[in-house]
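Residues in the sequence shown are numbered from 301 upward in steps of one, following the working numbering.
Don't be surprised by glycine CBs; every beta carbon is placed ideally from N, CA and C.
All values reported here derive from a predicted model rather than from experimental measurement.
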Amino acid sequence: MITTLYADINGNIYDAPFKQALGQNGKDHYILKKEDLIKLPKGASLTYLPGHEALYENTGKISALKEKFAVAALLPLGYTRTFLPASRKSKNSPILPLYGYTAVALYKDEIYVTAIKHNDNEKWDPKNYDTAALKKNIKLLKTLFPKNRLVNHLENCSLKWHCYTAQNLFYNRWEMGIPVSKSCNANCLGCISLQTSECCQAPQSRITFTPTPEEIAELGIYHLKTASQGIVSFGQGCEGEPSLEFEIIAKAIKQIRNKTKLNQININTNAGFTLGIKEIVNAGLDSMRVSIISANEDIYKSYYRCNYSLNDVIESIKYAKKNNIHVSLNMLLFPGLNDQKEELKSWIEFLQETKVDMIQLRNLNFDPNLFLEMIPPKETSVGINNFIESLNKNIPNIKIGSFTEYIK
């Protein structure tokens, strides 16, 4: 038997003998099978859902373990969850922090998760970050650029929030993030830098100043000239929508490209402000990653709560592709949402129209039961595995993975 795991009020985790483990897709519950499971990956961590009782199946009936809480895994990058933890909210359930909760179970005395592994990427291995050399490297950069406010900001991101793209500046390698924008044209339910009071605390703070083109270019030139497979990337977790500061970013890109043609300039964006995207593309952008949760206008608007339309996003992507920009989607994936039948149909049409190069799957970080209350499923889902297989079948040239690619 694949056995249910649960936690007590103190977070101690136990197995529930003879109680069949379930996974949740949307609001539907499924008996977990061996083919649904992989062993708990290296780098994953276990957590529990306080106030959310664990569910199990017994002789065809779904029941709750009274005052025993559901257990979940938090997956490392490179893995996509296929089921949510099967749970039921109690009356006074707290709102859960912004994590990607994944169903877990016990099988042959080992912990398994419901997930698909896409690819390994040595660059994102935790062993490469928060090393003993980090503080020394920060001190060196502060000596090189003593008046650049971005260095101090990225120091805070590195040491307080343990942000990998911030740390890469100081390690002089790979993808380095430069936050620019204090504001946004959306109010995402799962925003990780600014949350409204009815939700939960954001896991990091947003930048409080607007850097100058010169501050941006100074770090960009340094990184692209010297870093191994260097990427300068706008649109970080500690900012709003970067394209709103298109004039500053465009000026900075031009200054950078006047000094070096090496390596790659990228933007992570919701792509809703087409005017700004066009100006940034024209300035010398190399790649663009577009955050998106749905190919359906109503669902898209329900999550992003934005002042632009999905058609604006499509127009931005088409303009970028027309100008030979490598475009990927940062697809926010939630079992029971993206894999609904009509959603799948809309995704195929969206991808055929936009001709994006890649889909980067991202587990949506949100309280599962709260999300289902806010954006309830409208129909039956085909399952995440079938969803991905259908995308591969209908869009055979698209790449599906987890990581931003180095393309130059």
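Less than 8 Å between the CB atoms is what I'm expecting for residue i and residue j, so what's the real figure, rounded?
i	j	result
Pro-385	Ala-403	5 Å
Trp-461	Lys-423	Not confirmed; about 18 Å, so no contact.
Glu-541	Thr-569	7 Å
Cys-606	Gly-572	6 Å
Asn-566	Ser-594	Contact flag wrong, Cβ pair sits at about 23 Å.
Thr-303	Ala-405	6 Å
Ile-438	Asp-667	Their Cβ separation, rounded to whole angstroms, is 35 Å, which puts Ile-438 and Asp-667 out of contact at 8 Å.
What does the alpha-carbon distance come out to for the pair residue i and residue j?
i	j	result
Gln-324	Ile-684	11 Å
Ser-387	Ile-700	30 Å
Ile-478	Asn-392	40 Å
Ser-704	Ala-316	At residue 704 the sequence reads Thr, which differs from the Ser that was named. Roughly 40 Å separates the two Cα atoms.
Leu-585	Ala-552	11 Å
Tyr-522	Tyr-471	12 Å
Lys-561	Asn-624	16 Å
Leu-717	Asn-563	Nothing about residue 717 can be read from this structure; the chain reaches only from 301 to 708.
Val-613	Ile-698	19 Å
Thr-306	Val-480	Here the sequence assigns Tyr to residue 306, which means Thr is not the residue at that position. In a straight line, the C-alpha of Tyr-306 is about 43 Å away from that of Val-480.
Arg-506	Cys-484	11 Å
Tyr-348	Tyr-314	11 Å
Can you tell me whether residue i is helix, strand or coil according to DSSP?
i	result
Met-476	strand
Leu-434	helix
Ser-387	strand
Ser-497	Bear in mind that a pLDDT of 45 at Ser-497, under 50, signals an unreliable position, so the model cannot answer this.
Val-656	coil
Glu-410	strand
Glu-367	strand
Ser-628	strand
Lys-361	strand
Lys-333	coil
Pro-426	helix
Ser-345	strand
Ile-688	helix
Ala-620	helix
Tyr-356	strand
Lys-442	helix
Phe-318	strand
Asp-598	helix
Pro-350	strand
Go through its chain and collect everything with a Cβ distance to residue i's Cβ below 6 Å, but skip five positions before and after it.
i	result
Gly-326	Gly-636, Pro-677, Ser-681
Ala-550	Glu-579, Ile-580, Ala-583
So, at 7 Å on beta carbons, what are the nonlocal neighbours of residue i in its own chain, with the 5 sequence-adjacent residues on each side left out?
i	result
Glu-679	Gln-640, Lys-641, Glu-642
Glu-266	Outside the displayed range of the chain (301 to 708) lies residue 266, so it cannot be described from this structure.
Leu-454	Ala-466, Leu-469
So, for residue i: in the same chain, excluding its five sequence neighbours on each side, which residues have a beta-carbon less than 8 Å away from its beta-carbon?
i	result
Thr-526	Asn-472
> Fully enclosed by the stretch 553-594, which alpha helix (DSSP H) runs are 4 residues long or longer?
Replying inline: Taking only runs of at least 4 residues, the alpha helix (DSSP H) segments lying wholly in the stretch 553-594 are 574-584.
> For the stretch 498-543, which segments carrying the beta strand (DSSP E) assignment without a break, of at least 3 residues, lie completely within its bounds, in sequence order?
Replying inline: Secondary structure in the stretch 498-543: the beta strand (DSSP E) runs of 3 residues or longer, each lying completely within the stretch, are 528-534 in chain order.
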